[in-house]
Structure formats: C-alpha cells, structure tokens
Amino acid sequence: MSEPKIPLKDRMKIDRQMMPEQDATQRAGNFLEVNLGFTEQIALMEAQRCIQCKEPKCMQGCPVMVNIPRFLEFIVEGDLPSAARSLFGDNALPAITGRVCPQEVQCEVQCVRGVKGKPVAIGYLERFVADWARAHEGTVTLTPRPPTGKKIAIVGGGPAGLTAAGELLKLGHEITIYEALHKPGGVLVYGIPEFRLPKQIVEEEVERLIEAGVKIENNVVIGRTYTLPELMESFDAVFLANGAGLPVFMNIRGENYKGVYSANEYLTRVNLMEAYAEGADTPVLRSKRVAVVGGGNVAMDAVRTAKRLGAERAMIVYRRTLAEMPARIEEVHHALAEGVDFETLIAPLEVIGDEKKWVSGLRCERMELGEPDASGRRSPKPIPNSEFILDCDAVVVAIGTRANPLLTATCPDLKLNKWGNIETDENGMTSIPGIFAGGDIVRGAATVILAMGDGKRSAKAIDDWLMKTTGR
Amino acid sequence: MHTIVAKSQLSPNVTRLDVEARRISEIRHPGQFVIVRRGDGAERIPLTIADADPEKGTIALVIQAVGKSTRELVALEPGDFIKDISGPLGHPTEMITSGRAMCVGGGVGTAVVHPMAQGLQRLGVEVISVIGGRSKEWVIFEEELGKLGKVVVCTDDGSYGRKGFVTDAAREILDAGGVDVVYAVGPVPMMRAIANLTRPYGVHTIVSLNPVMVDGTGMCGGCRVDVGGATRFACVDGPEFDGHLVDFDLLADRLGTYREFEEKAVHACDAGNCRIGLEHGQKPTSHTP
Ligand SMILES: Cc1cc2nc3c(=O)[nH]c(=O)nc-3n(C[C@H](O)[C@H](O)[C@H](O)COP(=O)(O)OP(=O)(O)OC[C@H]3O[C@@H](n4cnc5c(N)ncnc54)[C@H](O)[C@@H]3O)c2cc1C
Ligand SMILES: Cc1cc2nc3c(=O)[nH]c(=O)nc-3n(C[C@H](O)[C@H](O)[C@H](O)COP(=O)(O)OP(=O)(O)OC[C@H]3O[C@@H](n4cnc5c(N)ncnc54)[C@H](O)[C@@H]3O)c2cc1C
Ligand code: SF4
Ligand code: SF4
Ligand code: FES
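Given below as structure tokens:
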C-alpha cells in the first residue's frame with residue numbers, strides 16, 4: 028500500500044471511538060445483541076487512527092495474522108468491497124471473531140497506539156467490515172478449484188470444523204461434516220448467547236458453506252453412528268474437531284440437587300433449545316438468586332443469561348478478584364453495567380438443599396490472594412473460620428470443560444495426552460496417518476480464533492499430505 | 005427427515021412408531037437409545053430403540069404419552085416425518101452368554117426390556133420375562149416376549165395374568181433358584197423395588213435409567229446419576245447400571261425438576277392443541293412418581 032493519504036499527526040489526534048450499545052437496564056431484560064455496531068462514519072474515524080505501521084505489531088498478536096493495516100486502510104479509502112475481500116482472505120469468519128475474540132490480549136494489546144493511549148478498535152472494525160459484507164451479498168464468494176476427487180470427513184461443526192471445511196473446499200476436495208447435534212456451529216450456537224453473537228450470523232456462514240458444496244450431516248455422533256475406522260475406509264483423510272465439550276463439576280456435596288446446572292446445560296437449554304422464548308418446548312429454571320461459579324467467558328455468559336431470565340440477583344462466585352478474571356474485559360464491564368453482582372475471593376464448599384432437595388444456598392469460605400505462582404497469577408488461599416452461606420436458589424458451575432472421551436474412547440490407536448486431548452504433530456496430524464485434529468479437542472478449552480487457525484492450518488496440511496501420499 | 009412407516013396403539017397411552025432410520029437400524033444393539041427432535045422448536049427427548057428391521061431400514065419407538073413432547077410424537081401418522089434422530093446412543097446391554105436371565109418390565113419399560121431379551125435369547129440364554137401393567141389393556145409386548153421364552157404377566161387389578169406387582173412374581177422365581185442375572189426396566193419405584201428384592205439373593209441386577217437428557221453425548225451433564233457414590237452421565241456411561249448401586253431417590257427427585265413447567269405445557273396442550281385424542285383435562289399417566 029502507498030503512503031497513507033491522511034497525515035500521521037492528524038491520525039494521532041483522533042480518540043478511540045465508542046461502540047454504540049443497547050442501554051444497560053433495557054438489555055438486561057432481553058436477549059438482543061448488546062453491541063449495536065459502528066456506523067460507517069464512526070468506522071471511518073476509527074480506521075484513521077491506525078498509523079499504518081511498517082512492521083505492524085498488531086498482526087503478531089493475531090493467531091491467524093490478519094493483515095490489519097491493509098483492511099483498515101481500505102476503510103479509510105472508502106473502498107469497503109476491497110476491505111472485505113482483504114479481511115475474508117485472512118479470516119473466514121470475521122463477523123464472529125470481530126465479536127468474540129479477546130482482542131485485549133491478542134491484536135489490540137500489541138497495537139502501538141495503545142502505548143500512549145488506547146489501541147485501535149480492531150475487533151469493532153473487523154465486525155463492521157464483516158457485517159457490511161453480509162449486507163452486500165456477493166462481495167465475498169467461495170470459488171472452489173477444479174475437483175480433486177478426494178473426499179475428506181470433518182468431525183464436528185464448530186469453528187475449527189467449519190473453517191477447515193471452507194479451506195478444503197477451496198482446494199477442490201469433497202467435504203462432509205458430521206455433527207452430533209441437530210445444528211452445526213458448536214459452541215457458537217449452543218454456548219455463546221444470542222446477546223453476544225446472534226445465531227443468524229452463524230447460520231449464514233453455514234449456509235454459505237452448504238451453497239458452495241459442503242455436505243453437512245447433523246445428528247451423526249462419530250464413535251456411535253460411525254466409528255473412526257469406518258470413516259477412514261470411506262474417506263481419504265479425516266479432520267477431528269469435536270471440541271472440549273465435557274463439563275467439569277466441583278465434586279462437592281449437594282452438586283446433584285435440583286437447581287444445579289453445568290454451564291453447558293444451562294446455556295444449551297437457553298441458546299440451542301431457545302428456552303428463553305415464551306412457550307418454548309425445552310424448559311429452563313427461571314431462578315431468583317443464581318450463583319454462577321467461575322470467572323471466564325463461560326461464567327459471564329451464564330450469569331448474564333440468568334439476569335435476562337429474570338434473576339433478581341445474578342452472582343459471579345470467583346476465588347480470585349476482578350483483576351485476575353480470565354473473561355474478556357468487555358464482558359466483565361457489560362456484566363457490571365447490567366447489575367451482575369461479583370462475589371469475589373470466595374470458594375464454594377457445599378451446595379445446600381431444602382427438604383425437597385432444591386438448592387437453597389451455597390456454603391462458601393473466604394479467600395485471600397497469596398504469592399504469585401508459576402503462572403504469575405496470585406493463588407487464592409482460604410481464610411480460616413470464614414465460612415458462610417450464600418443465599419441462592421440455583422447454581423451454575425462454569426469452572427471449565429475437558430475433552431469429551433466419547434469419540435476417542437472408540438479409537439485406542441489415537442494418541443492422547445494425560446488430559447485426554449488428542450496429540451498432534453506441528454502439522455496437526457495425529458498418531459494415525461491421514462487423521463488430523465484441531466481446535467479445543469487438541470488444545471483444551473481455548474478460543475474461537477485459535478480453533479479457526481487450527482482449521483486453516485490443518486486444511487493446508489491435509490492438502491499437502493494428500494498430494495504427497497496419493498498425488499493428484 | 006425420518007418418515008413414519010407404521011403406527012400402532014399398544015395400550016391406552018403407549019404407541020409404537022416404526023420410523024425410517026437406516027443406519028441406526030443396521031448397527032444398534034439392545035440397550036441403546038436415540039435422541040428424537042420432532043421438528044423445529046421441539047425438545048430433544050431420549051427414546052429406547054425397542055426393535056429394528058435392518059432390511060426395511062426402520063427402528064421401532066415405543067412411546068408413552070406423558071407430556072407435551074411425547075404427546076406430539078404419538079400424534080404423528082404414517083407418512084409424517086420426524087426431523088431429527090441421532091444415535092444409537094449409550095452402551096449396549098451387558099449380556100451373559102449362557103445360563104438363565106429374568107427380564108422384568110413395568111409399563112412402557114417392557115418395550116425397553118424386549119430388545120434385551122431378544123439379544124439374550126439369540127446368545128442362547130434362557131429368558132424368563134415378568135411383565136406388568138395396571139390392568140389387561142396396559143400389558144404390552146406379551147406376544148413378542150412369548151416368542152423368546154416364558155412370560156409371567158401381572159396386573160394390579162388381577163384383570164389378566166396374576167394379580168399383584170411384578171415383584172411378587174419375581175420373588176417366586178428367585179426362590180425357585182437358577183437365575184443368573186436380572187434385567188429390570190420400568191418406573192423408578194419398580195426398579196428400586198426389584199433391586200431391593202434381588203440384593204439379598206446376591207443376583208446381579210441391571211436397570212436402565214431414564215433421567216432427563218438434552219444432548220445425549222456427554223456434553224451437558226444434565227443426565228447425571230449417582231451410582232455407588234460416584235456421579236455418572238447416564239447418556240454416555242449408561243443408560244444401564246448395576247441396580248444395587250444406583251441412588252434411586254436422587255433419580256426420582258431430579259426427574260421432578262421441571263414438573264411445574266411440564267404441567268403448564270400439558271395445560272396448553274389441553275387448552276385445544278392436543279391432537280392425540282386424550283380427553284381434555286385428562287391427566288397423562290406418568291411412569292415416574
Ligand atoms: C459459553 C462459552 C463462551 C465462550 N466465549 C468465547 C469468547 O468470547 N471468545 C472466544 O474466542 N472463545 C470463547 N469460547 C471458547 C470457544 O467457543 C471454543 O474455544 C471454540 O468454540 C472451539 O472450537 P472447536 O471447533 O474446537 O469446538 P466446538 O465449538 O466445541 O465444536 C465442536 C463440535 O463438534 C461436535 N461434536 C462433538 N463430538 C462429536 C462427535 N463424536 N461426532 C460428531 N460431532 C461431534 C459438537 O457437537 C460441536 O458442534 C467460549 C466457550 C464457551 C463454552
Ligand atoms: C435412555 C432413555 C430411554 C427412554 N426410553 C423411553 C421409551 O422407549 N419410551 C418412552 O415412552 N419413554 C422413554 N424414556 C422417557 C422419555 O424420554 C420421557 O418420557 C420424555 O422425555 C418425556 O417428555 P415429555 O415432554 O413428553 O414429558 P414431560 O412434560 O417432560 O414430562 C411429563 C412427566 O414425565 C416425567 N418425565 C420427564 N422426563 C422423564 C424421563 N426422562 N423419564 C421418565 N419420566 C420423565 C416428568 O417428571 C413428568 O411427570 C426414556 C428416557 C431415557 C433417559
Ligand atoms: S481475528 Fe481476532 S485477533 Fe485476529 S485481528 Fe481479528 S479480532 Fe484481532
Ligand atoms: S499496530 Fe495499531 S497502528 Fe500499527 S498497524 Fe496495527 S492497528 Fe495500525
Ligand atoms: S444428556 Fe447431556 S450429558 Fe447426558
């Protein structure tokens with residue numbers, strides 16, 4: 028790109044633009060998206076804040092190396108079709124990552140404008156361009172290369188699987204995605220709530236893949252409906268992207284009382300099964316005082332969902348402080364604004380139940396932060412004799428997920444690590460030649476963009492491997 | 005899309021649907037189930053694969069209409085579709101390969117016991133079935149089980165077979181000796197009673213648990229049950245467990261989680277949408293307490 032048209036010193040004068048959002052009290056009572064999106068005018072202002080670094084640090088922070096200054100400069104030039112083509116060339120699902128990436132620890136944390144002020148709002152601009160492209164059909168198209176005659180099976184329709192499908196299709200292969208649920212999207216449809224990521228966006232992405240020729244078979248559980256060895260017989264290569272969907276419980280007393288949910292169950296009922304809608308077939312408890320245990324994105328999603336389902340008190344129960352919470356900063360701010368209570372420095376010991384075995388409280392103890400541990404985080408220590416009972420009528424456990432053994436247990440040849448995640452080489456190939464894996468099933472619970480990055484890298488590796496082993 | 009190819013009424017509120025599901029019909033084993041979602045917006049509910057015809061590519065679902073989702077399913081007619089069926093899920097029944105097995109079925113549980121008995125008989129095991137219902141018209145699968153071995157029918161009111169509960173007949177058979185294993189499926193109180201009955205005899209007893217499920221793949225944890233003091237997910241670790249180790253109180257209790265909600269849904273059904281010929285206001289019979 029040539030010299031930027033707008034002089035640097037003018038660019039430096041612009042302040043970071045704010046994301047227009049739904050009013051906090053209003054949104055705490057509905058499931059509509061919180062962030063409303065930049066207007067073209069705001070986007071232009073914000074894009075001008077980028078000083079077009081020769082060696083853009085921001086790109087280093089992005090797991091898929093989106094060429095950030097390039098698409099930003101197209102915005103400045105008013106050439107949105109080129110901005111979209113540039114962005115989609117690097118990132119298959121920018122309408123999704125623009126909304127859910129933890130930008131503050133990835134691209135934006137590296138932006139030089141952040142040194143003496145606020146970084147460029149890369150995520151918001153990514154979302155802006157992606158949404159513009161969604162509204163202008165035909166801007167970005169998926170054109171496959173001539174067919175290679177190679178068939179590839181993808182297990183799991185989450186971000187890793189969908190990304191790999193798109194990339195492999197472009198390379199001319201025939202793709203079938205097998206998805207266990209009745210709808211593809213993975214955590215994007217069953218976990219992340221509508222108010223953060225409208226389901227329609229995911230549906231559009233899936234539609235685009237289907238139109239381009241990807242076959243998606245829902246309701247197929249690999250390991251049950253078909254085994255992995257069976258897939259290997261009918262396909263030239265397999266990509267495993269079945270995620271880390273096994274909920275972890277606290278293993279404390281009372282955890283099976285009525286009113287105790289895993290975050291997965293709570294969110295699945297509300298999102299995938301649409302239990303938030305009046306008259307929905309699938310029920311969810313509309314509790315008054317909901318304690319959500321955990322401090323990550325999943326906990327924030329669960330607690331804000333509880334608020335929207337009508338909880339008078341929606342509480343985060345976390346053993347460290349706000350500063351240590353692993354959730355995206357924006358979600359924590361949104362939760363605070365919506366009236367979520369943060370009960371920090373406490374740890375649950377037991378779920379208390381009433382005579383009918385409904386949750387009636389959570390026995391907790393107070394914690395204090397000790398010295399930083401190996402990971403640099405200050406580890407919590409219990410304060411002696413500090414027990415108390417937190418009044419609540421529902422508990423949502425959001426302390427993490429692990430690899431689901433359903434599939435891996437049926438294929439003992441597949442090498443796993445000690446946590447049950449699939450081991451791969453640097454190309455994403457597992458211990459079985461021709462079977463690749465990526466996303467949360469390899470990394471453990473991670474992020475959307477890392478899963479997509481794995482999908483993209485594995486697609487390339489699968490293509491190389493097919494070429495090497497079978498020729499074209 | 006799965007077409008319904010046949011439908012029959014087995015008892016006043018139990019209906020059999022034969023549904024196209026080729027792959028599942030070919031590979032299913034006794035004890036396994038499917039998750040069914042009738043159409044857009046419907047609930048995902050677990051149903052046992054009661055029988056299968058791999059040649060026709062169909063599976064049999066035997067459904068007791070207890071609430072909104074099951075009522076809507078049994079309202080479907082041949083030619084109608086079920087949108088989503090996933091499976092076969094869960095572990096196949098743990099089978100003995102010789103000796104004598106007693107299969108106890110209560111109510112719709114009899115339909116779940118049937119494929120187990122079928123599998124056992126094929127392996128050369130002698131099967132004796134004890135099945136029960138409220139009265140004559142509520143007894144199901146007598147003929148099918150009769151093809152596999154001896155059948156003892158019990159009715160609460162004595163209108164057919166012997167009067168009394170399945171536990172009474174089961175006790176006599178245990179006393180006579182020679183039972184190597186017991187399979188029991190039915191309402192929670194029945195399974196509990198059978199497990200309590202067989203315990204002093206030291207006869208291994210397998211029960212099939214029916215907690216509320218959502219995904220059926222181990223993802224939500226909603227189906228958790230307590231077996232021998234450990235939490236297990238019935239959809240992936242079960243649905244069959246050692247009856248002597250199951251905490252039936254917890255199971256019965258957790259099944260009541262959505263009772264209020266269900267009553268409302270059934271009311272809405274009664275208000276005019278009910279298409280299955282239940283009289284308005286008639287309470288569906290539940291097979292749980
Ligand atoms: C509530 C919640 C909020 C989150 N928020 C964020 C966020 O804000 N930002 C962010 O970057 N990340 C977030 N994450 C993490 C992120 O969603 C995951 O890292 C990402 O979705 C992983 O992608 P994946 O494709 O590997 O797996 P998944 O998204 O888990 O998809 C796996 C798919 O495989 C299917 N499957 C599983 N087993 C089988 C089988 N045997 N056969 C067939 N199909 C199978 C599943 O049904 C699922 O559809 C969040 C996670 C959760 C749970
Ligand atoms: C592995 C498994 C296999 C099953 N196989 C069969 C089968 O072959 N045939 C069959 O008719 N049913 C079977 N069930 C039970 C069936 O799934 C439920 O009856 C159904 O989900 C109820 O849905 P509903 O909306 O019609 O009723 P709801 O409105 O949800 O419930 C109505 C009444 O039924 C009770 N109930 C709710 N869920 C269950 C449940 N899972 N089990 C028992 N009672 C429940 C409620 O407490 C309530 O009293 C099985 C369950 C499991 C877990
Ligand atoms: S994909 Fe995520 S990390 Fe990369 S530039 Fe976009 S928002 Fe930033
Ligand atoms: S680091 Fe910041 S200013 Fe530099 S190119 Fe990237 S977004 Fe622009
Ligand atoms: S039904 Fe969700 S884990 Fe068993």
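Protein chains in written order, with this note's numbering: chain A, 28 to 499; chain L, 5 to 293. Where is the CB? At the ideal position from N, CA and C, for every residue including glycine.
Taking C-beta to C-beta, are residue i and residue j nearer than 7 Å?
| i | j | result |
| --- | --- | --- |
| L:V131 | L:C107 | yes |
| L:V23 | L:I8 | yes |
| L:C239 | A:N291 | no |
| A:A362 | A:M327 | yes |
| A:I179 | A:L189 | no |
| A:I243 | A:P211 | yes |
| A:A51 | A:A302 | no |
| A:V297 | A:A318 | no |
| A:E377 | A:I279 | yes |
| A:I379 | A:R393 | no |
| A:G286 | A:V386 | yes |
| A:A157 | A:P121 | yes |
| L:V156 | L:A173 | yes |
| L:E146 | L:P16 | no |
| A:I468 | A:G270 | yes |
| A:G213 | A:G185 | yes |
| A:I462 | A:V265 | yes |
What did DSSP end up calling residue i once you bin it into helix, strand or coil?
| i | result |
| --- | --- |
| A:E135 | helix |
| L:T289 | With a pLDDT of 43 at L:T289, under the threshold of 50, the modelled position of that residue is not reliable, and the figure given next carries that caveat. Three-state DSSP puts L:T289 in coil, outside helix and strand. |
| L:T301 | Here chain L comprises residues numbered 5 to 293, so residue 301 of chain L is not present and cannot be evaluated. |
| A:R38 | helix |
| L:F245 | strand |
| A:M479 | helix |
| A:C419 | coil |
| A:N62 | strand |
| A:C80 | coil |
| L:H284 | In this prediction, L:H284 has a pLDDT of 37, which is less than 50 and means its spatial position is unreliable; what the coordinates show is noted afterwards. Reduced to three states, the DSSP call for L:H284 is coil. |
| L:A1 | Lying outside 5 to 293, the shown extent of chain L, residue 1 of chain L is not represented and no answer is given. |
| A:K487 | helix |
| A:W385 | strand |
| L:I164 | Here the sequence assigns Tyr to residue 164 of chain L, which means Ile is not the residue at that position. Coil. |
| L:N277 | At L:N277 the pLDDT is 43, less than 50, meaning the model places this residue with poor confidence; the figure from the coordinates comes in the next sentence. Here L:N277 sits in helix by DSSP. |
| L:D179 | helix |
| A:P211 | coil |
| A:M394 | strand |
| A:E48 | strand |
| A:S113 | helix |
| L:H6 | strand |
| A:L504 | Because chain A here runs from 28 to 499, residue 504 of chain A falls outside it and cannot be looked at. |
Strictly below 9 Å CB to CB, what residues from chain A border residue i?
| i | result |
| --- | --- |
| L:I89 | N246 |
| L:D257 | N283, Y284, K285, K383 and K384 |
| L:D230 | N283 |
| L:R203 | The contacting residues do not exist; L:R203 stays about 23 Å from chain A at best. |
Strictly below 9 Å CB to CB, what residues from chain L border residue i?
| i | result |
| --- | --- |
| A:A207 | S90, D219, G220, T221 and M223 |
| A:N448 | Within 9 Å Cβ-Cβ: nothing; A:N448 doesn't reach chain L, min ~15 Å. |
So with CB distances below 7 Å, who are the chain A contacts of residue i?
| i | result |
| --- | --- |
| L:L254 | N283 |
| L:S73 | D308 |
For residue i, return the contacting residues in chain L, with the cut-off set at a CB-CB distance below 8 Å.
| i | result |
| --- | --- |
| A:S500 | Only positions 28 to 499 of chain A appear in the structure, and residue 500 of chain A is not among them; the question remains open. |
| A:E292 | V218, C224, G225 and G226 |
| A:P274 | M223, C224 and G225 |
Below 8 Å on the Cβ atoms is my contact criterion, and I expect residue i with residue j to pass it. Report the Cβ-Cβ distance as a whole number of Å.
| i | j | result |
| --- | --- | --- |
| L:P118 | L:D55 | First, the residue type needs correcting, since residue 118 of chain L is His and not Pro in the sequence shown. About 7 Å separates the two Cβ atoms, so the contact holds. |
| L:H208 | L:V231 | About 14 Å; that fails the 8 Å criterion. |
| A:I95 | A:P108 | Not a contact, Cβ separation roughly 18 Å. |
| A:E358 | A:N324 | 6 Å |
I want to verify the contact list: residues of chain A whose CB lies under 8 Å from the CB of residue i, in sequence order.
| i | result |
| --- | --- |
| L:G45 | E301, A307 and D308 |
Determine the chain L residues that contact residue i at a beta-carbon separation under 7 Å, and present them in chain order.
| i | result |
| --- | --- |
| A:R296 | V218 |
| A:R251 | G91, P92 and L93 |
Environment of ligand 5 in chain order, Cβ to heavy atom below 7 Å: In chain order, the hits are A:E292, L:M217, L:V218, L:D219, L:G220, L:T221, L:G222, L:M223, L:C224, L:G225, L:G226, L:C227, L:F237, L:A238, L:C239 and L:V240.
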